[in-house]
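Engineer:
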Amino acid sequence: MPVLAMIIVLPLLFSLVLLFRPFKGDITFRRITAAGSLLALVGIVYAFRVDADTWQLLFPAHAPALLQRFSHFLVFSTSGYSGLMLILFAAMMSVLAVSTLSGRRKRPDEQRFFAWYWFSAGLGFAIFSATHLYLLIFLWGISVIPLYMLASGFSDELAALGKKTLIIHGGAHVLMVTGAVMAVSLSLSADIAIMQTATTTTAGTAGFLLLLAGGLAAMGIFPLHSWVIPYATYASGWSFALMPLVFQRFAGTYLLIRLCHDVFFLTDTLRFILIALGLISVILALVMALGRSEPQSTLAYLHIALGGAVLAGIATGTQAGILASVVIAAAGGAVLMLFFLHNLQNTNRSAALKWLALKNKKLFNALNRLEGTTYIDIYETGAKAVFAMHRPLSRMHDGVLQTYLVWVVVAMILLFLLK
């Protein structure tokens, strides 16, 4: 069995065992997690350095024909950007696993952390090595499950956070499915490395923007950032370090690299728009970080600012820009993760964050009021629009019309997939 297959399959199987028989996060099990993460890192480095490891899941000849048809989707490789992102992701997961050795479990929702840690590890390895666009989009949708489960918890704030996170990422995934079908139809190929779909046409631009929604949501780019702030405030430190700082950050970086350099051939106009969006996110997030008094919110906005810098670097279309973006994602994520885990566990705020609390300044007060409104929050704006249409329709048709429209949309997506 290839090394890459073991690295993908074993963490997923281990996570399923833990989900049915959860451990309480004692020091012995945390040591096992840290050792297993380091072993996975060594295996990925070996597979990447010795030779580009390519693995395809082949079903037996006597298996049903339906399974045989799925085998050409299940191809994984460590070549190119995949190997680089696999190594960095495994390194960051190892840092997180080692960091848990020095902490104590203080919250009941952290009991299931290690099960979702291993599930996210195996899923991340599969995402970064998938070569088929449809498989990547499918795995992206599965990744919303651990994100939602870690966001949800034992309080009303965590329940609301889980719902908001699921709606934002689930809605982005629906857009990604449509964009993937359009991209494959235009390029006549689903191999991520060679698609090169043109964006000079309306269909190509629409497909790119639809797929881009997933990357923007994962990176927390404005205006799809509203799930990051409450995640840092209400979720546990381990969960925040795993999901926004490591998994979502690296998955979003990888998706943006693939979209901007492999799946699509971007026009200068699109590159300018992405660079501007990234720089706007950097400026807004940094200024809002300076105006917050809560350390969790400050770190969350710094995380968003790093995401904007990554987007701007990738959109430049140069190898130097990609390298700078990967370095920012890795180094910035590592610093923020260690800062979050080791400084926010105490009740006293660190001196490094105290001087950032400049709420008395009029400019920062104005920005804080702007942050509290719905003008830069697409989730709240969309919710108001949906409920504004939903309530009168419910009174008129008692929900029947909405149900019919949902089935129409589902049927159209099925038709696209079966084409």
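For the sequence shown, our numbering assigns the number 241 to the initial residue and increments by one for each residue that follows. C-beta: ideal position from N, C-alpha, C; glycine also. Since this is a predicted model, take the numbers as computed values, not measurements.
1. Return helix, strand or coil for A430, following the three-state DSSP convention.
2. According to DSSP, simplified to helix, strand and coil, what is H312?
3. Measuring CA to CA, which of K404, V522, G444, G492 is closest to Y474?
4. Is the distance from the Cβ of Y471 to the Cβ of A391 below 9 Å?
5. Just to confirm my understanding: we take V522, look at its own chain, exclude 5 residues before and 5 after, and list those with CB closer than 6 Å. What are they?
6. Is G477 close to chain B, meaning its C-beta is less than 9 Å from at least one C-beta of that chain?
7. Tell me the start and end of each unbroken alpha helix (DSSP H) in the stretch 317-366 that is at least 4 residues and wholly inside, in chain order.
8. Hey, V385 and F316 are a contact pair by Cβ (cut 8 Å); roughly how many whole angstroms apart?
9. Below 8 Å on the Cβ atoms is my contact criterion, and I expect F490 with A569 to pass it. Report the Cβ-Cβ distance as a whole number of Å.
10. Measuring straight from C-alpha to C-alpha, what distance separates F504 and F260?
11. What's the C-alpha gap between L250 and Q536?
12. To the nearest angstrom, how far is it from the Cα of S192 to the Cα of S322?
13. Would DSSP call Q536 helix, strand or coil?
14. Rounded to a whole number of angstroms, what is the C-alpha to C-alpha distance between L456 and A564?
15. Does the Cβ-Cβ distance between L406 and Q488 come in under 9 Å?
16. Rounded to the nearest angstrom, what separates L298 and S429 at their Cα positions?
17. With 16 as the cutoff for other CB atoms within 10 Å, does L514 come out buried or exposed?
18. Can you tell me which of the three DSSP states A446 falls into?
Structural biologist: Checking against the coordinates, here is how it stands:
1. Numbered from its first residue, the sequence shown carries residue 430 at position 190. Note: A430 maps to coil in three-state DSSP.
2. As a first step, residue 312 must be located in the sequence shown, where it is residue number 72. In the structure shown, H312 sits in coil (DSSP, three-state: anything other than H, G, I, E or B).
3. Working through the sequence shown from its first residue, we reach residue 474 at position 234. For Y474, the nearest C-alpha among the options comes from K404.
4. Here the question's residue 471 lines up with position 231 in the sequence shown. Here the question's residue 391 lines up with position 151 in the sequence shown. Yes, these two residues count as a Cβ contact at 9 Å.
5. Reading the sequence shown from its first residue, position 282 is the one you call residue 522. Same-chain partners within the cutoff: A545, G548, A549.
6. Annotation note: the requested chain B is absent from the structure, which comprises a single protein chain.
7. 321-339
8. If you number the sequence shown from 1, residue 385 lands on position 145. If you number the sequence shown from 1, residue 316 lands on position 76. It is Ile, not Val, that sits at residue 385 in the sequence shown. I385 to F316, Cβ: 20 Å. No contact.
9. Numbered from its first residue, the sequence shown carries residue 490 at position 250. Numbered from its first residue, the sequence shown carries residue 569 at position 329. Between A569 and F490 the Cβ distance is about 6 Å, and since that is below 8 Å, they are a contact.
10. Your numbering for residue 504 matches position 264 in the sequence shown. Your numbering for residue 260 matches position 20 in the sequence shown. Going by the C-alpha atoms only, they are around 42 Å apart.
11. The residue you call residue 250 lines up with position 10 of the sequence shown. The residue you call residue 536 lines up with position 296 of the sequence shown. Going from the Cα of L250 to the Cα of Q536 covers about 34 Å.
12. It is not possible to answer for residue 192, since the shown part of the chain is limited to 241 through 659.
13. Here the question's residue 536 lines up with position 296 in the sequence shown. In this structure, Q536 counts as helix in the three-state DSSP scheme.
14. Counting from 1 along the sequence shown, the entry for residue 456 is found at position 216. Counting from 1 along the sequence shown, the entry for residue 564 is found at position 324. About 18 Å.
15. Sequence index remark: in the sequence shown, residue 406 carries index 166 (1-based). Sequence index remark: in the sequence shown, residue 488 carries index 248 (1-based). No. Outside cutoff.
16. Position 58 of the sequence shown, counting from 1, holds the residue named residue 298. Position 189 of the sequence shown, counting from 1, holds the residue named residue 429. When rounded, the distance between both Cα atoms is 21 Å.
17. Taking the sequence shown and counting its residues from 1, one reaches residue 514 at position 274. Burial call: buried.
18. Indexing the sequence shown from 1 puts residue 446 at position 206. A446 falls in the helix class under three-state DSSP.
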